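Take the numbering used here: the final residue in the sequence shown is number 178, and no numbers are missing along the way. We put the beta carbon where it would ideally sit given N, CA and C, even for glycine. Bear in mind the structure is a predicted one, so any value in this text is a computation, not a measurement. Only one structure is covered here, and it is reproduced in the block below.
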Amino acid sequence: MADTQIILKQNVPGLGAEADIVKVRKGFARNHLIPTGKAYEVTASNLKRLNQLKAMRAEREARELNDAEDFARKLGKLKLEFALETGATGKAFGSVTTRDIEEKLRSEFGITIDRHKIDLERPIKESGEKEVPIKLHHDVTATLKIEIKSSTPPAPAHEKSEPAEAKPRGKRKAKPSV
Numbered sequence: 001m002a003d004t005q006i007i008l009k010q011n012v013p014g015l016g017a018e019a020d021i022v023k024v025r026k027g028f029a030r031n032h033l034i035p036t037g038k039a040y041e042v043t044a045s046n047l048k049r050l051n052q053l054k055a056m057r058a059e060r061e062a063r064e065l066n067d068a069e070d071f072a073r074k075l076g077k078l079k080l081e082f083a084l085e086t087g088a089t090g091k092a093f094g095s096v097t098t099r100d101i102e103e104k105l106r107s108e109f110g111i112t113i114d115r116h117k118i119d120l121e122r123p124i125k126e127s128g129e130k131e132v133p134i135k136l137h138h139d140v141t142a143t144l145k146i147e148i149k150s151s152t153p154p155a156p157a158h159e160k161s162e163p164a165e166a167k168p169r170g171k172r173k174a175k176p177s178v
């Protein structure tokens, strides 16, 4: 098997991060990674550039972590309110999904977040206050407060109707078979 070592110029999913030395098939390196500018061959001169790439990667990762922490603090101060229609028993006729949260953040606060970063196990169907985690960075998770309110007023207690009595049915005559 013909493998070769390359140095990655950027993050490549399933392969490695920037400035990593990885072993791949020669054809994959020659036909895809090197021509698209995602990697270059391991040579003596390129190994010298590797230290420079590692320093740039560390600086960028520190900056991304700092930005994510600042953004997490900003999100922690926000509170979103949603109104769901509910029936007389309090059961919701809808739910709040990650897409709803994403749209509300964008429309009310001008914040754009990928809905896949919102860690909602299942859509929210009950009223009350919830805390929803948002994964901003592999080390930083923000908590967003969400309040679900009922948009239909509860039915007054004195107006509850009694269930209607069932009327007795008459006996049905069987049809004669022919």
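Problem - Own chain partners of A29 with C-beta closer than 6 Å, once the 5 adjacent residues on each side are dropped - result: The residue given as residue 29 occupies position 29 in the sequence shown. Result list for A29: T4, I6, in chain order.
Practice task
Answer yes or no: do K117 and K104 have a C-beta to C-beta separation smaller than 8 Å?
Solution key: What you label residue 117 is simply residue 117 of the sequence shown in a count that begins at 1. What you label residue 104 is simply residue 104 of the sequence shown in a count that begins at 1. No. Outside cutoff.
Practice task
Could you tell me how far apart the beta carbons of K54 and Q10 are, in whole angstroms, since I believe they sit closer than 8 Å?
Solution key: Numbered from 1 along the sequence shown, position 54 holds the residue referred to as residue 54. Numbered from 1 along the sequence shown, position 10 holds the residue referred to as residue 10. Between Q10 and K54 the Cβ distance is about 13 Å, and since that is not below 8 Å, they are no contact.
Exercise for the section: Using 10 angstroms around the beta-carbon of A92, count the other beta-carbons present and answer buried if the total reaches 16, otherwise exposed. Expected result: Here residue 92 refers to the residue found at position 92 when the sequence shown is read from its first residue. It counts as buried.
Exercise for the section: Determine which residues share a DSSP beta bridge with H182 and list them. Expected result: Coverage of the chain is limited to positions 1 through 178, which leaves residue 182 absent and any answer about it impossible.
Handout entry: Beta-carbon proximity check, L33 vs L80, cutoff 8 Å
Key = In the sequence shown, residue 33 corresponds to position 33, counting from 1. In the sequence shown, residue 80 corresponds to position 80, counting from 1. Against a cut-off of 8 Å, the Cβ pair of L80 and L33 comes out as no contact.
Problem - Boundaries (first-last residue) of the alpha helix (DSSP H) holding D100 - result: Start at 1 with the first residue of the sequence shown, and residue 100 comes out as number 100. Per DSSP, D100 belongs to the alpha helix (DSSP H) from 98-104.
Problem - Sequence-distant residues of the same chain with beta carbon closer than 7 Å to G110, five excluded per side - result: Against the sequence shown, residue 110 aligns to sequence position 110. So no residue of the chain qualifies.
Handout entry: Sheet register partners of R25 (DSSP bridge)
Key = Taking the sequence shown and counting its residues from 1, the one referred to as residue 25 is at position 25. R25 pairs with D3.
Exercise for the section: Output the distance between the C-alpha atoms of E129 and F82, rounded to the nearest integer angstrom. Expected result: Start at 1 with the first residue of the sequence shown, and residue 129 comes out as number 129. Start at 1 with the first residue of the sequence shown, and residue 82 comes out as number 82. If I take the Cα positions, the gap works out to 10 Å.
Problem - Residue of K48, M56, S127 minimising C-alpha distance to K149 - result: Here the question's residue 149 lines up with position 149 in the sequence shown. The shortest Cα separation from K149 among K48, M56, S127 belongs to S127.
Practice task
Return the Cβ separation of V132 and I146 in integer angstroms, given the expectation that the two are a contact with Cβ distance under 8 Å.
Solution key: As a working mapping, residue 132 is identified with position 132 in the sequence shown. As a working mapping, residue 146 is identified with position 146 in the sequence shown. So it is a contact: roughly 6 Å between Cβ atoms.
Exercise for the section: Taking A19 and R57 to be in contact with their CB atoms under 8 Å, please state how far apart those CB atoms are, rounded to whole angstroms. Expected result: As a working mapping, residue 19 is identified with position 19 in the sequence shown. As a working mapping, residue 57 is identified with position 57 in the sequence shown. Rounded, the Cβ-Cβ distance is 5 Å, consistent with contact.
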